[in-house]
Amino acid sequence: MSRTLSFAAAPVVWLLSAAALFAQADPLTVIPDDVLGFAVISDLTDTNERITTLTQKMQIPVPDVLSMAKGYLGVDKGLDEKGGLAFALMAGPEGKEVEGLAPFVIAPVTDYAAFIAPLSPEDPDAAITKATVFGSEVLVGKKDDFAVFMLDVSNKDALETFLAADTSVSSQVEPLKKWMGQQQLSVVVTPKGKSLLFQKLAEAMPDAEDLDADADDEDASEAEAAALASVGQMFGMFKQLLTAADEQLTHLAAGIRIEDDATLHVAARALFVPEGDLAQWSKKVKAPSEGLLAGVPAGDYVLAYGGVSAHFSPAVWNAISQLSDSGMQMMGLNDEDRKKYMQIGEKLQKGKRYTGGVLSMMRPGDSIFSTAVTVEHVDNADEQVRLSREMFAMLADGAKTPGNDEPMYELSEVKVGDVEAIALVTRIDALAEIQDGNAPGAEQFQDFFGKLFGGGNLTVYMAKATDTTVVSAYSKEQLLRGVEHVRSGAKGLESDADIAKTSAMLPAGSQWAAYLNPQGVVQMIQTFMDALLGGQVQLPPFPETEPIGLAARVSETGLDAEIVLPESVVAGIGQFIFAVGQMFQGGQVPLP
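At the far end of the sequence shown sits residue 591, using numbering that gives the first Met the number 0, and the numbering has no gaps.
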């Protein structure tokens, strides 16, 4: 067991400790083209300097990366300090692709013999020899200017195959090379690895037929049978998505990039099949010229977001439809009503252009949603409100608790100030009864969610603001705030200076974006802690910073997603952690 763990941990340690053996020598040229995936860490000097800058900002002392790498590996000669280090995975034999996974570490060398000498090689002159790294036996061989380590000494055949391969993965990942060159760390799943990953994920999910058989069990209650059927439908939908993804995607990748000032980027990329369904769909997805946050009222916030909600690929819309249908089935809607519900939902979706929203700073006594405002930009606001009212009426009439057949929703027409609105009340206690109203913890569920959402009910208000905007909120106060802001035509969060700074660091032209204010997050956590713990613990405030940014962009080539922590956030995390430590050390909070 310990050897298995060491095999699993070794590549991680090597990649982290030797954080940059990639500049001149490219390990992709020696990695076979049939690998499932690989990870590459780039440029020793540059990466080392960036890690140092990042950790200094966060007040975390880290030793020199290269010196640490040499110390861990036990080598002092023969290492190419300007080469590239990689970790690669090859599939096992047919039928045992996962069980027989073969992991490799590829290290650049200037003198192979000098490099492996401190590793106690069994036969330094052999094409493949046993050596010792981190106290564990490994196999090592030379390929071009690289030492290739096989972490399982019982799998010599795999290393021989690796060393003998005369075609490399380099050309296979050509579409990703420019993007990889912008990252300090890149992790890539090849087409072969992607297909195997999706296949194994699908196989791990239960078949709908098996769940239907369980639902037919004579001991299963009507509610349990409905729940099992719904779960089966959900897993079937996930399998369809995986099948579609396998057909429409070629490569998957993730990367980490540290800017000169310690701004941290975590990126992901999925490449579309050229001229495939996703590539064609992406042409229709356009970011609004007004900006994703247009119409969202300004002010202190926890989360602000915007996105072109009207645009989904056919496969995604089909999945959403199935998931919604599954939920409606669990709530007791009959076949006819569920079909009508989905038809209305599709009409609503087609009428939307884009949606923006905000979760504002919480005050004592506020519930999690009480400060939320959503602004939908639509083709026809009157039609959107009418269709929403029709959909809500179906929920109010048809959705019942399984235990006592009580309505889960209540619909009414209300007037908020001079604004005509519709109000949909969701009973939190009814949600607890969907699975089993008599289950242990149902009362605690209601109490906890009551504190989160406010009382025993959750009410959403919806109103027309202008001919092309609809505002929704979970309190009358916020509904009025949103409607009045939209009608005023004033600039809101779309002109916020800090959001603009973070937005400039995200992929240009993103069709979806969100901005998380760390100061607001800490304040929200404090509000919850006060409600649950009676103010026994007081967190230090988070320093004022730009927000953390999240964005996604689709184009004909693929999907790009990114999270960015601006330099001020990186520094703020260090200051906050230090302040929390001081608080505990000072006895302001009892240690566990």
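For glycine and all other residues, C-beta sits at the position ideal for the given N, C-alpha and C.
If proline 546 and aspartate 497 are in contact, beta carbons under 8 Å, what's the gap, nearest whole angstrom?
Yes, proline 546 and aspartate 497 are in contact; Cβ-Cβ is about 6 Å, under 8 Å.
Within-8 Å CB hit, threonine 160 to chain E
As a matter of chain content, chain E is missing from the structure shown, which is built from one protein chain.
Taking the alpha carbon of threonine 28 as the reference point, which residue from Lys176, Gly77, Glu483 and Gly364 has its own alpha carbon closest?
Ranked by Cα distance from threonine 28, the first of Lys176, Gly77, Glu483 and Gly364 is Lys176.
Every unbroken alpha helix (DSSP H) within the segment 474-519, with a cutoff of 4 residues, ordered by chain:
Those alpha helix (DSSP H) runs which fall completely within the segment 474-519 and span 4+ residues are 475-487 and 496-502.
If contacts are defined as beta-carbon pairs under 8 Å, then threonine 131 and leucine 150 qualify, I think. What distance do you get, rounded to the angstrom?
The pair is not a contact, with the Cβ atoms about 12 Å apart (cut-off 8 Å).
Which of the three DSSP states, helix, strand or coil, is assigned to aspartate 151?
DSSP places aspartate 151 in coil when its eight states are reduced to three.
Range of the contiguous alpha helix (DSSP H) that encloses methionine 390
In the DSSP annotation of this structure, the continuous segment of the alpha helix (DSSP H) that includes methionine 390 starts and ends at 380-397.
Starting from the C-beta of glycine 491, find all residues in its chain whose C-beta is less than 8 Å away, skip the five residues before and the five after it, and write them out in chain order.
Leu292, Ala293, Gly294, Val295, Pro296, Ala297 and His484, listed in sequence order.
Alanine 362 - DSSP class collapsed to helix/strand/coil:
What sits at residue 362 in the sequence shown is arginine, not alanine. In the structure shown, arginine 362 sits in coil (DSSP, three-state: anything other than H, G, I, E or B).
Going by the beta-carbon positions, is the gap between valine 377 and glycine 356 smaller than 8 Å?
For valine 377 and glycine 356, no; Cβs fall outside 8 Å.
Rounded to a whole number of angstroms, what is the C-alpha to C-alpha distance between alanine 266 and lysine 155?
Distance between the alpha carbons of alanine 266 and lysine 155: 35 Å.
State yes or no: is the C-beta of methionine 407 within less than 8 Å of the C-beta of aspartate 336?
At the C-beta level, methionine 407 and aspartate 336 stay beyond 8 Å of one another.
So within the segment 123-148, which uninterrupted beta strand (DSSP E) runs reach at least 3 residues, ignoring any that extend past its ends?
The segment 123-148 contains these whole beta strand (DSSP E) runs: 127-132 and 135-142.
Measuring straight from C-alpha to C-alpha, what distance separates lysine 285 and glutamate 389?
Cα-Cα distance, rounded: 29 Å.
Along the alpha helix (DSSP H) that carries serine 599, what are the first and last residues, could you check?
Past the edges of the chain, shown from 0 to 591, lies residue 599, and the structure says nothing about it.
Take valine 372 as the anchor and find which of Ser471, Gly134 and Gln321 has the nearest alpha-carbon.
The shortest Cα separation from valine 372 among Ser471, Gly134 and Gln321 belongs to Ser471.
Drop a sphere of 10 angstroms on the beta-carbon of phenylalanine 133, count the other beta-carbons inside from all chains shown, and report buried for 16 or more, exposed for fewer.
Answer is exposed; the Cβ neighbour count stays below 16.
Look up proline 542 in the DSSP assignment and say whether it is helix, strand or coil.
It is coil, neither helix nor strand.
Could you tell me which residues DSSP puts in a beta bridge with phenylalanine 527?
Answer by DSSP bridge pairing: none, since phenylalanine 527 is not bridged.
Following the continuous beta strand (DSSP E) through methionine 461, name the residue where it begins and the one where it ends.
First-last of the beta strand (DSSP E) with methionine 461: 456-465.
Exposure of aspartate 324, with buried meaning 16 or more beta-carbon neighbours within 10 Å
Buried, since its Cβ has 16 or more Cβ neighbours within 10 Å.
Cα separation between valine 413 and valine 272?
C-alpha of valine 413 to C-alpha of valine 272: approximately 50 Å in a straight line.
Spatial neighbours of leucine 593 within its chain, please: C-beta separation below 6 Å, excluding the five flanking residues on both sides.
Absent from the model: residue 593. The displayed extent of the chain is 0 to 591, so no value can be given.
How big is the Cα-Cα spacing for glutamine 584 and alanine 578?
Computed Cα separation, rounded: 10 Å.
Determine, using beta carbons only, whether serine 502 and alanine 512 come nearer to each other than 8 Å.
A Cβ-Cβ contact shorter than 8 Å links serine 502 with alanine 512.
Tell me, please, whether the segment 524-536 touches the segment 552-569 by the rule of three or more beta-carbon pairs shorter than 8 Å.
Contact check between the segment 524-536 and the segment 552-569: fewer than three CB pairs, one atom from each, fall below 8 Å, which does not count as touching.
Same chain, Cβ closer than 7 Å to aspartate 381, five either side skipped, listed in chain order:
Same-chain partners within the cutoff: Lys463.
Going by C-alpha to C-alpha distance, which of Leu358, Arg362, Ser359 and Ala318 sits closest to methionine 341?
Closest option to methionine 341, Cα to Cα, is Ala318.
Between serine 411 and valine 482, what straight-line distance do the alpha-carbon atoms span, to the nearest angstrom?
Distance from the CA of serine 411 to the CA of valine 482, rounded to the nearest whole angstrom, comes to 19 Å.
Is there contact between the segment 160-170 and the segment 178-185, where contact requires at least three CB pairs shorter than 8 Å?
Too few Cβ pairs lie closer than 8 Å, so no.
So for asparagine 437, helix, strand or coil by DSSP?
Note that asparagine 437 has pLDDT 48, beneath the 50 cutoff, so the model's placement of it is unreliable and the number below is only indicative. Under the three-state reduction of DSSP output, asparagine 437 falls in the coil class, being neither helix nor strand.
In three-state DSSP terms, what is proline 81?
Sequence check: residue 81 is lysine here, not proline. In the three-state scheme derived from DSSP, where H, G and I count as helix and E and B as strand, lysine 81 is classed as coil.
Using the beta-carbon count (16 or more within 10 Å), is glycine 534 buried or exposed?
Exposed, because fewer than 16 other Cβ atoms sit within 10 Å of the Cβ of glycine 534.
Taking the alpha-carbon of glutamine 537 as reference, which of Thr544, Val521, Gly331 and Glu136 has the nearest alpha-carbon?
For the options Thr544, Val521, Gly331 and Glu136, the alpha carbon positioned closest to that of glutamine 537 is the one of Val521.
Say whether the segment 34-45 touches the segment 77-96, bearing in mind that this needs 3 or more beta-carbon pairs closer than 8 Å, one atom from each stretch.
Three or more beta-carbon pairs separated by less than 8 Å link the segment 34-45 to the segment 77-96, which places the two stretches in contact.
For the beta strand (DSSP E) containing valine 168, name the first residue and the last one.
Element bounds for valine 168: n/a, residue is neither H nor E.
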